[in-house]
Structure formats: C-alpha cells, structure tokens
Amino acid sequence: MSSKYEENIILPNGKTVKVITSVVEASEKDVDIAVEAATKAFNEEWIHMDGHKRGRLLNKLADLIERDIDELAALESLDNGKAFTIAKSADLPLTIAVYRYFAGWCDKIHGKVIETEHDKFCYTRHEPIGVVGAIIPWNFPLLMQSWKLAPALACGNTVVLKSSEYTPLNALKVAALFKEAGFPKGVVNILSGFGPTAGAAIANHMKIDKVAFTGSTAVGRSILKASADSNLKKVSLELGGKSPNIIFADSDLEVAVKWAYQGIYFNHGQCCCAGSRVYVEDSIYDKFVEKFKAYSESMKIGDPFHNDTFQGPQVSQRQFDRIMSYIESGKQEGATLLLGGERHGDEGYFVCPTVFTDVNENMKIMQEEIFGPVVAIAKFKTVEEVIEKAHLTNYGLAAAVFTKNLSRAIKISNTLRAGTVWGYKESGFGRELGKYALELYTQVKTVQINLES
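In UniProt numbering, the protein residues as written are 1 to 453.
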C-alpha cells in the first residue's frame, strides 16, 4: 500500500550510527485506508474461508519464512542490533514455530452443545472479533509479529499491524511474504509509523474491534483510555516487567549463574521479562557474585554480524541514553557499581554489561524497567523475606526460582504474583501463546433453538 504521507523514518545503524535507509512513515490517513481494507476483506472473504484453508496459508507463510531465513535474520540484525547468529538460531525458528502452531488450530476452534431443556437445542459459537489492531515493540520484531498475527488470523480476524518506528525492515519483508503465500488482499495490513500518530490512530479507531499491544505500561494505559473514549474495543496488553530471579543455596551454582546471565543479558537486556533483579541466599552470595562477574566480563560485544558476538548495540540513541541515565541513578543512590557502567568502544549504541550490588528496594534500578544489560544483585536470608522483596514492585510479568527442593520451588512459584509470562499487576493482561491466545481473538455467542416451535 502506498502511503498518503510524505515523511520518512530514518534508520541508523546501531554499530556505526550511520544511516542505513529510510522508510515511509504511516499517517492517520494511512491507518484509515488499512482499516477499510481489513474491514472489506473480513466481511467479503476471510470470515467465510474454511479453517483448514486458513491453516494452509499460515503453513505456507512459515515455509516462506524458512526459505528466507538468512535474509530475515540479517534484517533483524540491521533493525535492532541483535546478533545475526542469535536471530537465525532463536528468533527465526521460534517465529516459524508460532505460525505452524496456530496453523494447526485453524480448524479446531469450536463451541459446545449445552443441555438445557428437552425441547431446546442450545450451542455456542466461537466467532472472530473482526478487525484487530496490533502494535508491536522493537525488541523482537519478527517474533512479536507472529505472536499477534498468527492467533488473530487463525481465529478468522483481519489485522492492521504497526511495527515500531525503530524496526520496520522485517515487518515490510514479512508483508511481502504474506502476499506471496496467497493471503487475500486486505487480510494483513502492515504499517511503519510512530506511536503518537499511527499508534494513536489504531487505538482510537472506531472500526477497529480489538487492539493487541506489547510495550510499556505507560503506553498501555493510553491504549486502555483510547478504547474507553472510542468504541470500547477489546484490549490485550503485555507490558513492562522487573522480574526477580531467586537463587537458593542448594541450587546448582553454575547452572544458576548461567541462567541469571541469560536472564538479564539476552537480547542486550531488551526483554520485558528480563531478570533484572537477582536475589541470592546470603550463604552463597559472595560466590555467586564472583562467578556472575566473571561470566559478565567474558561476554563478546561487538558487530552483530560477527559469529562470536553475543551482544550487539542497543536499538537507538534514545535507549542508550535511557540506560546510561539509570546507571548514573544507581551510583547516585548509593549502589556499588561492580562492573561496567559505561559505553563499550568509541562509537555506536554499545553498553557494557553492568552489575550493581549493595542495593535496596527503594532504588530506581530496583523499581523501574531499564530495558538494558543492567542487573542488581541483592541477598536474602529467609523464604518469607525474599518473597516480600520480590513483590515490592508494580510489575508482575515473570519470575524464576533456583533450588533443588521441589516442594519449596512449587510453593514459591504458587505464591509469587508474577506470570511467566504476562499479566499480574501493571504488567498487563491477556495470554498470547498456546490455547489461551484463542480467547483473545474470539467472542462467544450462544444460539438457542426451540425445538417444538
């Protein structure tokens, strides 16, 4: 779809800060055009297509993504600085798996027959909602597309999706693959634009029936308000997190260190569920910190297209500045900067892995989502103490417990007010994967037939 707007989004390279290219910025008018196309496709074709045919289209799309895996992994790296090897070995296989999983659900969405009275026949139907507006973040562009598009399409909805202004390249490539796979015109509409314009237009649009959003809690609030102020569209939100990793003395220390390392540094710390708070039982605290520091120091940072790179640049100058401001806040509030806290190299948006110790729950680095390679490590003595500390945040997106005591692990998991993933407190609501995702994109209708009349 050609844009009715003349402005472009400039895309810099996170490694060199030089411009890669630019793409057309979607306007409010472009959103209107996309919604009209989605509405027409829903009413005239998509809602009437048999489920098994929708499933074949989704599987065909998965085949095309698999065919173009190298190109898509390269675009992912250019888009947000992710290491090419990680994009190819993690993001792409997971994306393909999501499309294939929901392809299997397309002809298995059904209601129930309800026995009420002998002269009545009552049943339920699980029907598509209509036009879905999807707004995705920049940290996992391909994967977040699949989390929104696959279940929405499987359930028979059409979609208008806005990619982040930082990461439009893969979204546009995937749009071409949808067309090649044979999806009818207007079923999937992908726009590149900014939140205050294109995003707000989606959230406020009177002809969009549901919005699915992944991003910050602040923006999630604005989308809820937009729904209330417009047509009371359905909303699902996966928002921020400040997830705790809880490590007991009886855990395998080497395993706990490795997972805590992955928990905070994977994707450069740019994960909603990143384990940015690590609580370690006091008897092993010093050993853990020593090992974790050594692991952090060994990290390979640099060009995302080098085979041994684990951490590339952050996504933007804005995100780089945000991370550095939190590091400065941690130092000013009295935390001990054990490692990092500075730019890696002389150019680009690279941040050294950063470790704080001697922290308390009132510090900003313990309360607010940083979205970068910054971790705070604290100690605890009792189960009751660590659960209380884990809950001292407005978020509840995810958590992890490391112990060999199965009973303790289950009891703590049941007690923690956190997902994995989604949905406690200010981390949003809705479950986007598995069978639960189908509930987000369908509505239940009851039909009653009076048999004697």
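Think of the CB as a built atom: it goes at the ideal place given N, C-alpha and C, for glycine as much as any other residue.
Between which two residues does the alpha helix (DSSP H) containing residue i stretch?
i: Ile69; result: 69 to 80
i: Glu28; result: 28 to 44
i: Ala181; result: 169 to 181
i: Pro93; result: 92 to 105
i: Glu426; result: Careful: Glu426 lies outside any alpha helix (DSSP H) and carries neither H nor E.
i: Phe292; result: 285 to 297
i: residue 462; result: Here the chain comprises residues numbered 1 to 453, so residue 462 is not present and cannot be evaluated.
i: Val401; result: Careful: Val401 lies outside any alpha helix (DSSP H), inside the beta strand (DSSP E) at 400 to 402.
i: Leu253; result: 253 to 265
i: Leu406; result: 406 to 415
i: Leu224; result: 217 to 229
i: Gln270; result: Unbroken run through Gln270: none, as it is neither H nor E.
i: Met363; result: First-last for Met363: undefined, no H or E at that position.
To the nearest angstrom, how far is the alpha carbon of residue i from that of residue j?
i: residue 466; j: Glu254; result: Here the chain has residues from 1 to 453 only, and residue 466 is not among them.
i: Val187; j: Thr336; result: 53 Å
i: Lys389; j: Thr403; result: 18 Å
i: Met324; j: Val174; result: 33 Å
i: Ala249; j: Val383; result: 12 Å
i: Tyr424; j: Arg125; result: 29 Å
i: Val401; j: Ser413; result: 7 Å
i: Asp303; j: Ser230; result: 45 Å
i: Ile109; j: Pro353; result: 45 Å
i: His344; j: Leu75; result: 23 Å
i: Ser227; j: Thr217; result: 15 Å
i: Arg100; j: Pro151; result: 11 Å
i: Thr446; j: Val35; result: 28 Å
i: Val359; j: Glu342; result: 19 Å
i: Ala201; j: Gly330; result: 37 Å
i: Ile223; j: Glu452; result: 48 Å
i: Val98; j: Gly334; result: 44 Å
i: Ile377; j: Phe310; result: 22 Å
i: Gly241; j: Gly220; result: 13 Å
i: Asn245; j: Leu406; result: 16 Å
i: Ser27; j: Ala203; result: 14 Å
i: Gly14; j: Val444; result: 46 Å
i: Glu115; j: Ser243; result: 45 Å
i: Tyr349; j: Met49; result: 47 Å
i: Ser316; j: Ile370; result: 14 Å
i: Ile33; j: Leu177; result: 21 Å
Beta carbon of residue i, beta carbon of residue j: below 8 Å?
i: Glu45; j: Pro184; result: yes
i: Ile365; j: Val374; result: yes
i: Pro128; j: Asp79; result: no
i: Lys379; j: Asp282; result: yes
i: Trp105; j: Leu438; result: yes
i: Ile65; j: Thr95; result: yes
i: Glu361; j: Leu392; result: yes
i: Ala103; j: Gly133; result: no
i: Asn139; j: Cys273; result: no
i: Cys122; j: Gln448; result: yes
i: Lys60; j: Ala181; result: yes
i: Val160; j: Ala41; result: no
i: Trp23; j: Leu11; result: Note that residue 23 is Val in the sequence shown here, rather than Trp. Yes, the Cβ-Cβ distance between Val23 and Leu11 is below 8 Å.
i: Gly372; j: Gly269; result: yes
i: Ile247; j: Val289; result: no
i: Asp30; j: Leu149; result: no
i: Gly199; j: Lys162; result: yes
Determine which residues share a DSSP beta bridge with residue i and list them.
i: Cys122; result: Ile114, Gln448
i: Glu441; result: The question names Glu, but residue 441 is Tyr in the sequence shown. Answer is none; Tyr441 lacks a bridge partner.
i: Lys162; result: Ile135, Leu191
i: Asn379; result: It is worth fixing the name first, because residue 379 is Lys in this sequence and not Asn. Looking at the DSSP assignment, Lys379 forms a beta bridge with Val280.
i: Arg343; result: Val351
i: Tyr395; result: Lys425
i: Leu236; result: Note on residue identity: the sequence assigns Ser, not Leu, to residue 236. In DSSP, Ser236 forms a bridge with Ala212.
i: Ser22; result: Ile10
i: Ile301; result: Gln311
i: Leu142; result: DSSP, once it has assigned bridges, lists no residue as partnering Leu142.
i: Pro128; result: Thr442
i: Phe356; result: Leu337, Ala376
Taking residue i as part of the beta strand (DSSP E), name the residues at either end of that continuous run.
i: Gly330; result: Gly330 -> not in any beta strand (DSSP E); alpha helix (DSSP H) instead, spanning 317 to 332.
i: Pro244; result: 244 to 247
Touching or not, the region 411 to 422 and the region 260 to 271, by the rule of three or more beta carbon pairs under 8 Å?
no
If you pair each beta-carbon of the region 232 to 240 with each one of the region 160 to 173, do three or more pairs fall below 8 Å?
With fewer than three CB-CB distances shorter than 8 Å, the region 232 to 240 does not count as touching the region 160 to 173.
Whether or not the region 236 to 246 and the region 428 to 437 are in contact is what I'm after, with contact meaning three or more pairs of Cβ atoms, one per stretch, closer than 8 Å; do they touch?
yes
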